[in-house]
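Visitor:
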Amino acid sequence: AESIANGHKACEGPFPYIAAIWRREQWMCGGTIIDEKHVLTAAHCIGIMKETDCSVTVGAVNVRSPSILRFMVRHFHPHPEYTRRTNIENAGIRMVINDIAIIE
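Numbered per UniProt numbering, the sequence shown spans residues 1 to 104.
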């Protein structure tokens with residue numbers, strides 16, 4: 001939670017759909033489990049990764065927990081209109097458009 005702005009440490013249990021996305025052994029982003037084979041995340045999280053370098057862990061809040069399950073990634077499905085340059089300025093706030101992806 002220290003990596004998330006204004007985040008707080010979470011205890012086990014209340015977040016059963018949380019996933020951690022890894023590039024090799026480095027934690028990159030979080031995601032949400034949407035079914036047995038798919039995780040929803042931000043497209044910018046996977047933008048520079050290869051599927052073969054990526055894995056997803058689930059099953060515990062602590063990413064170093066021995067009860068955590070690790071799955072290798074088969075394919076990335078970013079939004080078809082997402083590009084790193086697809087952003088707009090709105091009232092001084094920079095927003096990225098279509099920054100969404102599904103990991104299989």
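Here a beta-carbon is modelled for each residue, glycine too, at the ideal position from N, C-alpha and C. Model, not experiment: these values are computed from the prediction.
What did DSSP end up calling His77 once you bin it into helix, strand or coil?
Guide: strand
Visitor: When burial is assigned at 16 or more other CB atoms within 10 Å of the CB, is Ile46 buried or exposed?
Guide: buried
Visitor: Leaving out the 5 sequence neighbours to the left and right, which residues in its chain are closer than 8 Å to Thr32 when beta-carbon positions are compared?
Guide: Tyr17, Ile18, Ala19, Val39, Leu40 and Thr41
Visitor: Between the Cα of Asn62 and those of Asn98, Gly30 and Glu104, spot the shortest distance and give me the residue it belongs to.
Guide: Gly30
Visitor: Opposite Asp35 in the DSSP bridges: which residues?
Guide: His38
Visitor: Put Thr83 into one of helix, strand or coil per three-state DSSP.
Guide: coil
Visitor: Report buried or exposed for Trp22, applying the criterion of at least 16 other Cβ atoms within 10 angstroms of its Cβ.
Guide: buried
Visitor: Using DSSP with H/G/I as helix, E/B as strand and the rest coil, what is Glu43?
Guide: For the sequence presented, residue 43 should be read as Ala rather than Glu. Helix at Ala43.
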